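Trainee: 259 is the number that full-length UniProt numbering gives to position 259 of the sequence shown; each next residue is one higher, with no gaps.
Quick one: the structure is below, questions incoming.
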Amino acid sequence: VEPGDPVLVDSPGYYPLFGKLRLAKARLIGVRRTADGPDPDDLAAKAASTGARMFFTQSLAHNPTGCSITLPVAYRLLRTATEHNLRIVDSDPFADVLSNNSPRLAALDQLDRVIYVGTFAKTLSASLRSGYIAANADTVARLADLKMITRANSSGYIEQIIYDLITSGRYRGHLKRLSGRIEAATRQANDSLARLGLPVFGQPRGGFYMWCQLPAHIDDTQLSRVAAERSILLAPGSAFNPDATPATPAMRVNIAHVGDPRFESFMAEHRHP
Numbered sequence: 001v002e003p004g005d006p007v008l009v010d011s012p013g014y015y016p017l018f019g020k021l022r023l024a025k026a027r028l029i030g031v032r033r034t035a036d037g038p039d040p041d042d043l044a045a046k047a048a049s050t051g052a053r054m055f056f057t058q059s060l061a062h063n064p065t066g067c068s069i070t071l072p073v074a075y076r077l078l079r080t081a082t083e084h085n086l087r088i089v090d091s092d093p094f095a096d097v098l099s100n101n102s103p104r105l106a107a108l109d110q111l112d113r114v115i116y117v118g119t120f121a122k123t124l125s126a127s128l129r130s131g132y133i134a135a136n137a138d139t140v141a142r143l144a145d146l147k148m149i150t151r152a153n154s155s156g157y158i159e160q161i162i163y164d165l166i167t168s169g170r171y172r173g174h175l176k177r178l179s180g181r182i183e184a185a186t187r188q189a190n191d192s193l194a195r196l197g198l199p200v201f202g203q204p205r206g207g208f209y210m211w212c213q214l215p216a217h218i219d220d221t222q223l224s225r226v227a228a229e230r231s232i233l234l235a236p237g238s239a240f241n242p243d244a245t246p247a248t249p250a251m252r253v254n255i256a257h258v259g260d261p262r263f264e265s266f267m268a269e270h271r272h273p
């Protein structure tokens with residue numbers, strides 16, 4: 001990505017990615033995210049109008065909405081990528097707790113136009129910052145050269161810990177327990193938000209997040225500031241949009257914290273004018 005290049009991203013999407021792309025002085029173009037994944041028509045229109053050649057997405061257990069791509073949408077996205085000469089960078093941080101039947105763009109594409117990015121930071125620990133990339137041989141060679149120039153190497157200590165956890169079978173057992181906890185927390189979060197009368201976007205499953213739509217009178221940024229004063233952390237919807245202005249007020253919620261009585265009490269107090 002060169003300075004000034006148009007780059008397509010999910011809208012809403014992963015805000016730390018937006019920050020990194022802005023550091024590279026890229027021009028961010030949001031692609032509307034639906035409950036079934038990125039909108040293929042919006043992707044095609046914006047690729048055609050901007051000349052963008054890269055699309056960054058999280059097709060499964062999407063952050064912030066928690067929704068996943070459907071198979072028909074996956075095929076349409078790949079067809080659009082071919083028609084408009086797009087490379088798709090697909091981040092899949094929850095891969096190990098999602099169903100093997102989930103439609104993965106990289107598998108359907110056979111790593112032709114898709115660059116697949118995985119990590120252990122979500123399933124093991126945020127402290128274990130180690131991941132992997134799958135792409136065609138040409139792309140991997142160029143990325144390996146870039147890594148040597150910018151980082152030289154990653155932490156061998158962290159990589160050894162992860163290797164031992166996987167080969168010993170402990171990682172598999174951990175994933176089974178984690179999947180059960182995610183499923184239970186998702187049910188609890190749905191029940192809590194239903195009691196509050198706050199609609200959830202789509203049908204999130206498998207990840208840590210949900211996208212909760214707020215009443216029109218609420219300023220989600222101001223709401224998060226007031227919540228922070230009470231030691232309640234809310235992620236305002238505006239932070240997840242490339243232009244920082246969501247079409248309607250919203251917030252990302254972490255399924256592990258929605259059932260906290262402080263959260264329910266705070267939202268019950270502020271959801272009405």
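Positions of the beta carbon are idealized from the N, C-alpha and C atoms, including for glycine.
Keep in mind that this is a model prediction, so the values were computed, not measured.
Less than 8 angstroms between the CB atoms is what I'm expecting for Asn63 and Gly237, so what's the real figure, rounded?
Mentor: Rounded, the Cβ-Cβ distance is 13 angstroms, inconsistent with contact.
Trainee: Would you mind working out which of Glu269, Asp92 and Ser127 sits nearest Gly197, comparing C-alpha positions?
Mentor: Among Glu269, Asp92 and Ser127, the Cα nearest to that of Gly197 belongs to Glu269.
Trainee: Give the C-beta separation of Phe266 and Ile232 to the nearest angstrom, bearing in mind that I take them to be a contact with Cβ-Cβ under 8 angstroms.
Mentor: Their Cβ separation, rounded to whole angstroms, is 5 angstroms, which keeps Phe266 and Ile232 in contact under 8 angstroms.
Trainee: Could you tell me which residues DSSP pairs with Arg187 in its beta bridges?
Mentor: Paired residues: none, contrary to the question.
Trainee: Quick check: the region 211-225 against the region 177-185, are there 3 or more CB pairs under 8 angstroms?
Mentor: Segments in contact, no.
Trainee: Give the single residue among Arg27, Leu165 and Leu77 whose Cα lies nearest to the Cα of Ala106.
Mentor: Measuring from the Cα of Ala106, the nearest candidate turns out to be Leu77.
Trainee: Taking the alpha-carbon of Leu8 as reference, which of Thr123, Tyr116 and Met54 has the nearest alpha-carbon?
Mentor: Comparing Cα positions, the closest option is Met54.
Trainee: Hey, out of Ala256, Gly202 and Phe263, whose CA is closest to Glu229's CA?
Mentor: Comparing Cα positions, the closest option is Phe263.
Trainee: Nearest CA to the CA of Ile158: which residue from Arg177, Gly173, Arg195 and Thr119?
Mentor: Here the closest residue by C-alpha is Thr119.
Trainee: When we look at the beta-carbon of Lys46 and count the other beta-carbons within 10 Å, is it buried (16 or more) or exposed?
Mentor: With 16 or more other Cβ atoms within 10 Å, it is buried.
Trainee: Bridge partners of Gly131, per DSSP?
Mentor: The partner list for Gly131 (beta bridge, DSSP) reads Thr119.
Trainee: Determine, using beta carbons only, whether Gln58 and Pro93 come nearer to each other than 9 angstroms.
Mentor: Result yes, Cβ atoms of Gln58 and Pro93 sit closer than 9 angstroms.
Trainee: What alpha helix (DSSP H) runs, 4 residues minimum, are completely inside the region 35-67?
Mentor: Complete alpha helix (DSSP H) runs here, min 4: 40-50.
Trainee: Between the region 89-103 and the region 146-156, do at least 3 Cβ pairs fall closer than 8 angstroms?
Mentor: They do not touch, by the three-pair rule.
Trainee: I need the DSSP call for Val114, collapsed to helix, strand or coil.
Mentor: Three-state DSSP puts Val114 in a strand.
Trainee: Just reading off the beta strand (DSSP E) that Arg87 is part of, what are its end residues?
Mentor: Segment Arg87 to Ser91, the beta strand (DSSP E) holding Arg87.
Trainee: Does the distance from the CB of Gly13 to the CB of Pro249 come in under 9 angstroms?
Mentor: No, they are not a contact pair.
Trainee: Could you give the distance in angstroms between the alpha-carbon of Ser130 and the alpha-carbon of Ala121?
Mentor: Distance between the alpha carbons of Ser130 and Ala121: 7 angstroms.
Trainee: I'd like the list of long-range same chain contacts for Pro3, defined as Cβ closer than 8 angstroms, with 5 residues on each side in sequence excluded.
Mentor: Here the set comprises Ala24, Lys25 and Ala26.
Trainee: Tell me whether Asp145 sits in a helix, a strand or coil according to DSSP, three-state version.
Mentor: In this structure, Asp145 counts as helix in the three-state DSSP scheme.
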